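Scroll down for the structure; my scribbles are underneath it.
2 protein chains.
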Amino acid sequence: MSGTDSEFDLIRRYFAEPAAAATAAEGLRLGIGDDAALLAVRPGYELVVAVDTLVEGTHFFPDHPPASLGHKALAANLSDLAAMGAEPLGALLSLVLPGVDHAWLKGFSQGFLALAGEAGVPLVGGDTNRGPLAISVTVLGEVPAGQALRRGGARPGDRLVVSGALGGAAAGLAHETHRRTRGEAPADSGNTACARLFWPPARLGVGRALRNRARAAIDISDGLLADLGHLCAASGCGARVEWPQVPLDPLLEGMAEPEARACALAGGEDYELLFALPSDEPLDLLAFSVDAPLTVIGEMTEGDEVTIVDARGARLEPGRAGHDHFAG
Amino acid sequence: MSGTDSEFDLIRRYFAEPAAAATAAEGLRLGIGDDAALLAVRPGYELVVAVDTLVEGTHFFPDHPPASLGHKALAANLSDLAAMGAEPLGALLSLVLPGVDHAWLKGFSQGFLALAGEAGVPLVGGDTNRGPLAISVTVLGEVPAGQALRRGGARPGDRLVVSGALGGAAAGLAHETHRRTRGEAPADSGNTACARLFWPPARLGVGRALRNRARAAIDISDGLLADLGHLCAASGCGARVEWPQVPLDPLLEGMAEPEARACALAGGEDYELLFALPSDEPLDLLAFSVDAPLTVIGEMTEGDEVTIVDARGARLEPGRAGHDHFAG
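Residue numbers (our numbering), protein chains in the order written: chain W, 9 to 336; chain A, 9 to 336.
Set out below in C-alpha cells:
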C-alpha cells in the first residue's frame, strides 16, 4: 500500500491513459475523468446494456492470473452483447481492491485492455474502491431497432445450433482444482489445460450474423443445459439435444464419457452462443460468414422438457445442470 | 441461507416484479430477464453513463439501515447524471451478498425502488453473486447532444454556486461514529441526526436547469473542496470560497466552528451540485425554476489555487480535503 496512490491515480495510470492512447472509438464523446461518460447511439439503433460481476472465492481462485481475469471480466459481458446481436459501444469497470498491488493491476489492465482493443470497445468510465476483491463490468452496445436477438421466440421444429466447442472451461477448472488438491503451483496464464477457462471468446461476429436469421439466442455462461432451459422457458417450448452431435473441446480428449458429458452439458463459462434457427434458414451460408464453427446439436420441441439422447435415441442423464451461486 | 433461493429468484422476487409493476418507462424496450436490456435513446440526444460502488466497511457500517443503502446506492449515481444535466433512462444493479437475508433484501429493494420510482428510472438489469457485501450501480441517462455539463469550462470571474446545504452527511457520520464508540444501538433509518447521511438527494432538476446556463458543474460526493479542486483542474483556473456564504445544513447548528467548517468544506456525500455561472447569467431566474436553494459561495479566479476566506477576506485553513479510499 503506497500512500501516494489515490483512486484517481490508479484509474489514470492503468486504464485511462492506455485506453486514450488506443484509437478513438466512433461513438465516444467523453471518456474517463468527468462525472459520467458521453456516448452517441446511432440513429435507428437501440441501446443494449448488461452487467456482470466476478468475486474472488466465488468465481475465481485468489491466485488466478490477473491478465486472464481482466480478459474474462470483459469477455463475459461482451458475450451478453453477442447474444443480443449487438455491436459494442463501450465498457465501464468497477474494481473493489484489497489494496494497491501494482503487478496485479498491470496484469489485469493489460488483459482487459487487450480484449477491449481487439473488440473495439473503449473503456469509458469506472471507479476503484477498497474492499474484498470484486470486478464488476458494465457493457454498452447498440443494435438496429427491433433486430435484437432475445431468449424468447424459438419454435418447435427450429434447429438448435451452438458455436465453437463445449466443456473446455469446465475441464480447465477440474484441472486447476486437481492441481490445488495436490499442492502444486497455480497455473500461469499460458497454461494450455486452462486455455478456455482463462481466455474465453466473445462471439460478437456470430451474434451479428444471427440478426434477422436466428429466432432466439443466449450465451452459454451457466452451462449448456441451464442456458437452454432459460431459452426454452422464455420461448415456451422444449428441446432435444443429440449428445453425439455436441462439439467437444479438444481439452476433453481422453476424458471418461460421463465426465466429458458433465463438462460439456453442465459446465459453465464456455461463452459460446446457443441459438434456434428456423428450418428453412440455410446454415451453410451463415457458417460461411462467421469465424467460429456452427454445429446443429438438436431441435426445439413441443412441450417444456429438455431431453438429451444418445446415438440410438435413448435418453441420457444430464448430470448436474449449471451453477447458481445461491442454490444450496 | 435457504437452498431454494436461486440468483434468478432473488432478482425476480425483490426487484424485477416490483419494478415491472411500476409505470413502464418511455425508453425501455426490454428489461430484466434476457442477456441484456434494450433501451431507446431519443434522436438528437447523447447517452450518459456512470458507475458507482459501495463496499461494506469502506463506505458504510455493517448495520447501516438497508433501505437507506438502497436509496444511497442509486442516489450517488443519479447525482452523477444530475451533474451532467442528464435525464435518467435506467439503472443496473449488481449485488454481492454474503448470503440470503430476506429482511435485508426487502429493506434494500424498497429503498432502491422508492427512489427509482420517484426519479422515473426503471431498473433494467443486474446480477447477484455471493461474496462480501458490495453494491454496484450503473445509471444510464440522456442529454441533448452537445449540452452535457462538464467539469471543464469554468472561467475566471464566473460565480461559484452550490445547491442545497452542506455538511449534513459528515455531521451524520460523526454522530454515528460517536454512538458506536459509546456502544449504543445503531441508528434506524428514521434517525433525524442521520437524515442527510441516510437519504441524500439527487439534484436532477437542478442539473437539467443548468443546461446552456452553467459553464461547468460537478456533484459534491468527495467534499466541497475536493470536488471544487476537480472542477478547477479541469477548467484550468482557481477559485475563492467565501466561508460565511457557504450554506450550512441545519444539522451543523450548535457545532463549534472548526468542526462545522470541516463538515461543510471537507465532508463527503452531500450530493449537492457545484457549478460555475457566467456573471451575466441571472441567478434569480434559475433559482425560480428549481426545487433547491441556490447560493453564490464565491468566484472562479485566475491561477490554479483554491482559497477560503472569512468575512474580512482573510484566508482560512481548509481542513482535511475530501476522502480518498486509497490515500494513506
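Backbone N, C-alpha and C define an ideal beta-carbon position, used for all residues, glycine too. These numbers were taken from a predicted model, which means no experiment stands behind them.
- Taken through DSSP and simplified to helix, strand or coil, A:MET92 comes out as helix.
- The beta carbon of W:SER287 sits closer than 7 Å to those of GLY165, ASP166 and ARG167, all from its chain and outside the five residues before and after it, given in chain order.
- The Cβ neighbour count for A:PRO290, taken over all protein chains shown within 10 Å, is under 16; the residue is labelled exposed.
- Sequence-ordered contacts of the stretch 110-141 of chain A with chain W read VAL132, GLY133, GLY134, ASP135, THR136, ASN137, ARG138, GLY139 and PRO140 [C-beta pairs closer than 8 Å].
- Note that the C-beta distance between W:ALA94 and W:VAL151 is below 7 Å.
- Judged by beta-carbon spacing, W:GLY172 lies beyond the 7 Å limit of W:GLU310, meaning their Cβ atoms are not closer than that value.
- In this structure, W:SER102 sits away from W:ASP60, with a CB-CB distance that is not shorter than 7 Å.
- For A:LEU100, the nearest CB of chain W lies under 7 Å from its own CB, placing it at the interface with that chain.
- Residue pairing from DSSP places W:ASP227 in a beta bridge opposite W:LEU281.
- W:LEU293 sits exposed, since fewer than 16 C-beta atoms from the chains shown fall within 10 Å of its C-beta.
- Of A:LEU174, A:MET308 and A:ASP278, the smallest CA-CA separation from A:VAL254 is found for A:LEU174.
- Judged by their CB atoms, W:LEU46 and A:ALA156 are nearer to each other than the 7 Å cut-off.
- For the pair A:ALA210 and A:VAL145, the CB atoms are not nearer than the 7 Å cut-off.
- A:ALA217: member of the alpha helix (DSSP H) spanning 212-218, first to last residue.
- In the structure shown, the three-state DSSP call for A:GLU307 is strand.
- Assigned with DSSP and collapsed to three states, A:ASN137 falls in strand.
- At least one CB atom of chain A sits nearer than 7 Å to the CB of W:SER144.
- Ranked by Cα distance from W:ARG21, the first of W:ILE40, W:LEU123, W:ALA322 and W:PRO301 is W:ILE40.
- Of all residues in the stretch 194-228 of chain W, those with a C-beta nearer than 9 Å to a C-beta of chain A are ALA225, ILE226 and ASP227, reading in chain order.
- As DSSP reads the structure, W:THR315 sits in a beta bridge with W:ARG248.
- Taking 7 Å as the CB threshold, A:LEU46 lines the interface with chain W.
- In the structure shown, A:ASP43 adopts coil according to DSSP, grouped into three states.
- DSSP, read as helix, strand or coil, puts W:PHE296 in helix.
- According to the DSSP secondary-structure assignment, W:SER171 is paired through a beta bridge with W:LEU302.
- For A:ARG269, there are no C-beta contacts with chain W under 7 Å, since the nearest C-beta of that chain is about 23 Å from it.
- Taking 7 Å as the cut-off, the beta carbon of A:GLY180 is found closer than this to the beta carbon of A:ALA201.
- Considering only A:HIS238, A:GLY191, A:GLU184 and A:ARG190, the residue with the shortest C-alpha distance to A:SER197 is A:GLU184.
- Taken through DSSP and simplified to helix, strand or coil, A:ALA234 comes out as helix.
- Interface annotation, W:ASP43: in contact with chain A, CB-CB separation under 7 Å.
- Around the beta carbon of A:VAL304, fewer than 16 other beta carbons sit within 10 angstroms, so the residue counts as exposed.
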